[in-house]
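Right, one structure below, let's go through it.
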Amino acid sequence: MTDDVTTPDRGPAPLVLGAYLRSLRLAKGLTPTAAADAIRSSPSKINRMETGQAAQRWQDVSTLTRLYGVTDMDTITGAMRWTGRQTTDPTRFPGPVRDDAEGWMDRLRACEHHASEICVYASVTMPRIVQTTGYPVDHLTLLTSSAQPPRVPAHTVLPDNQTQDVTVLLDGAMLLRTRGNPLAMAAQMAYLQQLATSPHRPRVLVVPLRTGTVPPPGTLHRFHLHGQEVFAEETWSAVYASGTDGQAARDRLAAGLQAAKDPEASAALLDAARRRFQLLAEDPASDPLLKEVAT
């Protein structure tokens, strides 16, 4: 699945900010016409702003975020900073952008919502888009929790999803961590199996430990947003890159995809992990399936 091709790569900033503005507008239930009236413009201009094809001036971003119900200055300022990371001059490429300002998690969620294709490679925490409700809250999640309530709803890949092409790469270590709650992890593995066998299934692939592939330090995302490829490295913040700046992330994803088990073999590993977590819940001292999972 691909998007319509847009303007030449101007870096990740206009695409990320555009996705964020669209998510805020939709969450508020406002039309492009209502948004356009607020900045004395046209609905087509709002569409171009939301798809990263038009300049996003800080005055407009300030007005729109307030219209969409954002009132805390830290979040407004965090969004407005993105306007200074954009350029229309092809000789002045803006480079990677670190987002650690208030609202950064909402901006990452917005990219998840509006990307036509997603590839996510996780080594520490289960990707949000495939988390079950009961997935244990880990230390990294607590560290990355925003001081402000989320304004962009969490994005979940449903079994009947037909609008996005999704690939999830799980480092083999993800099948070994109980998070202190083996029953919850067993339910998480069962949910991954359900997704992987659904009619419009996302690809859930396991990268075995024995391959020696070096996983990302946190979660690595690749989004296709309106014809452009945007990478996001997520830990306690997000670093976005595109074009040649995304080559290291592109190579890491390619290595993970090459080393990953095929869907059938990955499903077998997920099933072994599910059974292992169930057995650990019954007898924490026993780990009969450790060798089978840690392949």
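When you line the sequence shown up against this note's numbering, it's residues 808 to 1102, in that order.
Don't be surprised by glycine CBs; every beta carbon is placed ideally from N, CA and C.
Computed from a predicted model, the values in this text were never measured in an experiment.
(request) Specify the secondary structure class of residue 1071 as computed by DSSP and reduced to three states. (result) Sequence index remark: in the sequence shown, residue 1071 carries index 264 (1-based). Helix at residue 1071.
Exercise for the section: Rank 879, 1099, 822 and 1083 by C-alpha distance to the C-alpha of residue 994 and give the top, closest one. Expected result: As a working note, residue 994 is residue 187 in the sequence shown. Of 879, 1099, 822 and 1083, the residue nearest in Cα terms is 1083.
Q. Using DSSP with H/G/I as helix, E/B as strand and the rest coil, what is residue 813?
A. The residue you call residue 813 lines up with position 6 of the sequence shown. Caution applies to residue 813, whose pLDDT of 42 falls short of 50 and renders its modelled position unreliable; the model cannot decide the point.
For residue 1116 and residue 1098, what's the separation of their Cα atoms in angstroms? The structure shown does not extend to residue 1116, since the chain spans only 808 to 1102, so no value can be given for it.
Q) residue 1021 and residue 1073: beta carbons closer than 9 Å? A) As a first step, residue 1021 is located in the sequence shown; it is residue number 214 there, counting from the start. As a first step, residue 1073 is located in the sequence shown; it is residue number 266 there, counting from the start. Contact flag unset, no.
DSSP three-state call for residue 808: helix, strand or coil?
Here residue 808 refers to the residue found at position 1 of the sequence shown. Any reading at residue 808 must be qualified, since the residue scores a pLDDT of 40, below 50, and its modelled position is unreliable; no value is offered.
As a quick exercise: from 846, 852 and 857, pick the residue whose alpha carbon is nearest that of residue 869. To locate residue 869, count along the sequence shown from 1; it is residue 62. It is 846.
| task | For residue 937, name the three-state secondary structure that DSSP assigns. | result | On the sequence shown, position 130 is the one that residue 937 refers to. Residue 937: helix per DSSP, three-state reduction.
Own chain residues within Cβ distance below 7 Å of residue 1040, not counting five before or after: The sequence position of residue 1040 within the sequence shown is 233, counting from 1. Short of 7 Å from the beta carbon of residue 1040, and not among the five residues preceding or following it, lie these beta carbons of its own chain, in chain order: 1023, 1025, 1027, 1046 and 1056.
Can you tell me which of the three DSSP states residue 1100 falls into?
One-based indexing of the sequence shown puts residue 1100 at position 293. Note: residue 1100 maps to helix in three-state DSSP.
| message | As a quick exercise: from 1002, 825 and 834, pick the residue whose alpha carbon is nearest that of residue 853. | response | On the sequence shown, position 46 is the one that residue 853 refers to. When each option's Cα is compared against that of residue 853, the closest is 825.
Does any C-beta atom of chain B lie closer than 9 Å to the C-beta of residue 830? The chain labelled as chain B is not found in the depicted structure, where only one protein chain is given.
Q: Please report how far the alpha carbon of residue 927 lies from the alpha carbon of residue 966, in whole angstroms.
A: The residue labelled residue 927 in the question sits at position 120 within the sequence shown. The residue labelled residue 966 in the question sits at position 159 within the sequence shown. Computed Cα separation, rounded: 17 Å.
According to DSSP, is residue 1092 helix, strand or coil?
Start at 1 with the first residue of the sequence shown, and residue 1092 comes out as number 285. It is coil, neither helix nor strand.
Requested in this report: Give the DSSP-derived three-state secondary structure of residue 919 in the structure shown.
Outcome: Position 112 of the sequence shown, counted from the start, is the residue given in the question as residue 919. Note: residue 919 maps to helix in three-state DSSP.
field: Reduced DSSP secondary structure (H/G/I, E/B, other) of residue 942
entry: Along the sequence shown, read from residue 1 onward, the residue named residue 942 stands at position 135. Looking at residue 942 - three-state DSSP - the assignment turns out to be coil, as it is neither helix nor strand.
Do residue 856 and residue 833 have their C-beta atoms within less than 9 Å of each other?
For the purposes of this step, residue 856 is taken as the residue at position 49 of the sequence shown. For the purposes of this step, residue 833 is taken as the residue at position 26 of the sequence shown. Taking 9 Å as the Cβ cut-off, residue 856 and residue 833 do not qualify as a contacting pair.
Q) What three-state label does DSSP hand residue 1035 in the structure shown? A) Taking the first residue of the sequence shown as position 1, residue 1035 is located at position 228. Residue 1035 falls in the strand class under three-state DSSP.
Original post:
Rounded to a whole number of angstroms, what is the C-alpha to C-alpha distance between residue 1085 and residue 908?
Top reply: Counting from 1 along the sequence shown, the entry for residue 1085 is found at position 278. Counting from 1 along the sequence shown, the entry for residue 908 is found at position 101. Cα to Cα, the separation comes out at about 40 Å.
Exercise for the section: Indicate the three-state DSSP secondary structure (helix, strand or coil) for residue 924 in the structure shown. Expected result: Locating residue 924 in the sequence shown gives position 117, where the first residue counts as 1. Looking at residue 924 - three-state DSSP - the assignment turns out to be strand.
**Request:** Go to residue 1064, then tell me how far its alpha helix (DSSP H) extends in each direction, as first and last residue.
**Result:** In the sequence shown, counting from the first residue as 1, residue 1064 sits at position 257. That run of the alpha helix (DSSP H) goes 1054-1066.
With residue 1007 and residue 962 assumed to form a contact (beta carbons below 8 Å), what rounded beta-carbon distance in angstroms separates them?
Locating residue 1007 in the sequence shown gives position 200, counting from the first residue. Locating residue 962 in the sequence shown gives position 155, counting from the first residue. With a Cβ gap of about 16 Å, residue 1007 and residue 962 do not count as contacting.
Where does residue 806 land, buried or exposed, given buried means 16+ other C-beta within 10 angstroms? Nothing about residue 806 can be reported from this structure: the residues present for the chain run from 808 to 1102 only.
Could you round the C-beta distance between residue 976 and residue 1077 to whole angstroms and report it? I think they count as a contact, below 8 Å.
Residue mapping note: residue 976 aligns to position 169 of the sequence shown, counting from 1. Residue mapping note: residue 1077 aligns to position 270 of the sequence shown, counting from 1. Incorrect: roughly 13 Å between the Cβ atoms, too far for contact.
*asked:* Going by C-alpha to C-alpha distance, which of 839, 881, 987 and 1054 sits closest to residue 1091?
replied: Residue mapping note: residue 1091 aligns to position 284 of the sequence shown, counting from 1. Here the closest residue by C-alpha is 987.
Residue 964 (DSSP reduced to helix, strand or coil): Position 157 of the sequence shown, counted from the first residue, corresponds to residue 964. Three-state result, residue 964: coil.
Original post:
CA-CA distance, residue 819 and residue 932?
Top reply: Position 12 of the sequence shown, counted from the start, is the residue given in the question as residue 819. Position 125 of the sequence shown, counted from the start, is the residue given in the question as residue 932. Each residue's Cα considered, the two are about 24 Å apart.
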